[in-house]
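Enquirer: This structure is in structure tokens; I'll ask about it shortly.
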Amino acid sequence: MPTTSVQLYSLRDAIAEDLDQAIARVREIGYENVEPYAFVERATDLERAFASTGLKAPSGHVAVIDADDTAPIWDAAERLGIHTVIDPFIPTDRWQTADDVAKIAERVNVLTAEAASRGLQFGYHNHQWEFTNKVDGRTVYDLFVEQLAPETVLEVDTFWATVGGADAAAVLRGLGDRVVAIHVKDGKVDGDIRTALPSSESALIVPEALQRAFENQTPAGQGDVDVAGILAAAPQAIRVVEFDAYKGDVFEGITESLTWLKDNDK
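The sequence shown begins at 1 in UniProt numbering and counts up one residue at a time.
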């Protein structure tokens, strides 16, 4: 089975209550890897939890592109054993024009070089708008990727790419080995979810329509996304299970996704 992880953002409520207990439960479920979010601020707590459970964090999410001082980010990544640092979110209003894309790509390339100087990889994680927004008929994601340094890596959120109208498996095949991780999530991909966007200030601030759509996410293999085809298209990528929201017990959700992956991701 390929390397499989879980994005700790899925468990943010449980982590807010008791980080050590939440992460211990992830290990009990059977995960060996996690993808922490906002890990700079909680590096001490995460280091303690990883040491007690044996969990590893091959990748992690943090806002790097807009950071004034990136040194603490690279320091925290090294401390936690995170090799690949991923920026999870640049809002849709900054992906409108060719100049917008060029500006983001230029910054990402600078950060890629910074990360490399510390022995780390740097990359970007998409949402739906990088595929919905177009310039001269081309998605801004395509324009972005073609301007990136070869060393820049990508984490493709396959659910949001699908929501944005892309054939996620085809996207992965086209990107090849520069995709180091994929977010594995499933659910409904039509209706409000196609057009409702979070706040331009934070991915955590969403309208009611999008919150409802989040809650329609399902464990892998139970929704509209071609998860099997996606996995086959990116055999090299870390599989990161994630829920933006979940109607039921999210620990049961990540358990069901792991079980499905064990049975279907050979």
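All residues carry an ideal CB built from backbone N, CA and C; glycine is no exception.
(1) Would a C-beta distance cut-off of 7 Å place W74 and W95 closer than the cut-off?
(2) Alpha carbon to alpha carbon, how far is L154 from T97? Give it in angstroms, no decimals.
(3) Could you tell me if S52 is buried or exposed, where buried requires 16 or more neighbouring beta carbons within 10 angstroms of its beta carbon?
(4) Report the start-end ranges of each alpha helix (DSSP H) in the segment 27 to 78 that is 4 residues or longer and not cut off at the edges.
(5) Looking only at C-alpha atoms, which of G176, H125, E32 sits nearest to V62?
(6) Helix, strand or coil for D186 per DSSP?
(7) By the DSSP assignment, the beta strand (DSSP E) with D87 in it spans what residues?
(8) Give a yes or no on contact between the segment 234 to 249 and the segment 5 to 17, applying the rule of three or more CB pairs nearer than 8 Å.
(9) So, helix, strand or coil for I238, using DSSP?
(10) State the beta-bridge partners of H127 as determined by DSSP.
(11) Taking the beta carbon of E17 as the centre, do at least 16 other beta carbons fall within 10 Å, making it buried, or is it exposed?
(12) Rounded to a whole number of angstroms, what is the C-alpha to C-alpha distance between G164 and A43?
(13) Rounded to the nearest angstrom, what separates I182 and Y37 at their Cα positions?
(14) For E155, report the span of its alpha helix (DSSP H) as first-last.
(15) Between which two residues does the alpha helix (DSSP H) containing S117 stretch?
(16) Would you identify the three-state DSSP class for A149, choosing helix, strand or coil?
Expert: Taking the coordinates as given:
(1) no
(2) Distance from the CA atom of T97 to the CA atom of L154, rounded to whole angstroms, is 21 Å.
(3) exposed
(4) 43 to 53
(5) H125
(6) strand
(7) 84 to 87
(8) The segment 234 to 249, when compared against the segment 5 to 17, does touch it at the 8 Å Cβ threshold.
(9) Note: I238 maps to strand in three-state DSSP.
(10) Answer is none; H127 lacks a bridge partner.
(11) exposed
(12) Going from the Cα of G164 to the Cα of A43 covers about 33 Å.
(13) 15 Å
(14) Here E155 belongs to no alpha helix (DSSP H); instead the beta strand (DSSP E) covers 153 to 157.
(15) 98 to 117
(16) coil
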